[in-house]
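Written out below as structure tokens is the structure these notes cover.
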Amino acid sequence: MQDSNFGGNQGNDGGGSFTKPPMIEGNWKCSDCQAEITKLPFEPKEGRPVYCLDCYRKNHPRKDFRR
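Just so you know, we're using UniProt numbering here: the sequence shown kicks off at 1 and counts up by one.
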């Protein structure tokens with residue numbers, strides 16, 4: 001299983017001036033698989049689901065904008 005921390009090892013691959021958002025530390029459970037989540041790139045809002053990286057990718061597939 002992949003690390004449950006969303007955004008864990010995603011870095012800048014050298015293209016542009018991208019900076020990673022600061023990680024918020026806490027204790028959450030994935031809304032789908034109940035995996036432990038200890039870091040998020042955002043402050044979660046009460047009443048909104050929080051997903052581990054695997055479940056986020058499953059629930060939010062990437063859109064292909066190529067034609």
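Beta carbons are placed, not taken as given, at the ideal position from N, Cα and C, and that holds for glycine.
Checklist entry - Is residue 20 helix, strand or coil when you go by DSSP? => result coil
Checklist entry - Any idea which residues DSSP pairs residue 25 with across the strands? => result Beta-bridge pairing links residue 25 to 39.
Checklist entry - Taking all protein chains shown into account, do 16 or more other C-beta atoms lie within 10 angstroms of the C-beta of residue 2, making it buried, or fewer, making it exposed? => result For residue 2, the pLDDT reaches just 48, beneath the cut-off of 50, and the residue's location in the model is therefore unreliable, although a value from the coordinates is still provided. Residue 2 comes out exposed.
Next on the checklist: What would DSSP say about residue 54, mapped onto helix, strand or coil?
Outcome noted: helix
Item to check | Proximity below 9 Å, CB of residue 44 to CB of residue 23 | outcome: No; because the gap between Cβ atoms is not below 9 Å, this pair is not in contact.
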